[in-house]
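Residue numbering for the sequence shown follows the numbering used here, starting at 432 and increasing by one per position. Working notes, beginning with the structure itself.
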Amino acid sequence: RVFRKRGINFHTSAKVEKIDETKSGIAVAFTVDGKQQKIEAEKILIAVGRKPRTENIGLEKTKIKPDRGFIQTDSWMQTAEPGIYAIGDIVLGTPQLAHV
């Protein structure tokens, strides 16, 4: 609410198509849910977020069942598959440090 009171708007899940400099700031063309939009602003912030990258690494052939892409481990970082350990941003409940 504080941001909106200051005239700051958010456009989440947007794919930026083009950014142009204008006399008054920046013009951004982007797509959200298949709809093209264009806005002009004094400044923009583009943030890509973070998420685990565990797709297509063969987990379906193991006992490991990802939770929204994250992998559950014990205190020794052991997964549900004996002999397989997980570390870093893919571990459920750990701080994510790598940007995507």
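For every residue, glycine included, the Cβ atom is placed at its ideal position computed from N, Cα and C.
In or out: residue 464 buried (at least 16 other Cβ within 10 Å) or exposed? Counted from its first residue, the sequence shown places residue 464 at position 33. Per the 10 Å Cβ criterion, exposed.
With residue 501 as the anchor, note down where its alpha helix (DSSP H) starts and where it stops. For this step, residue 501 is matched to residue 70 along the sequence shown. Note, residue 501: premise wrong, no alpha helix (DSSP H); not H, not E.
With respect to the beta strand (DSSP E) encompassing residue 441, which residues constitute its N-terminal and C-terminal limits? The residue given as residue 441 occupies position 10 in the sequence shown. First-last for residue 441: undefined, no H or E at that position.
Taking the alpha carbon of residue 488 as the reference point, which residue from 471, 515 and 456 has its own alpha carbon closest? For this step, residue 488 is matched to residue 57 along the sequence shown. The shortest C-alpha separation from residue 488 is found at 515.
With DSSP run on the structure shown, which of helix, strand or coil describes residue 491? As a first step, residue 491 is located in the sequence shown; it is residue number 60 there, counting from the start. In this structure, residue 491 counts as helix in the three-state DSSP scheme.
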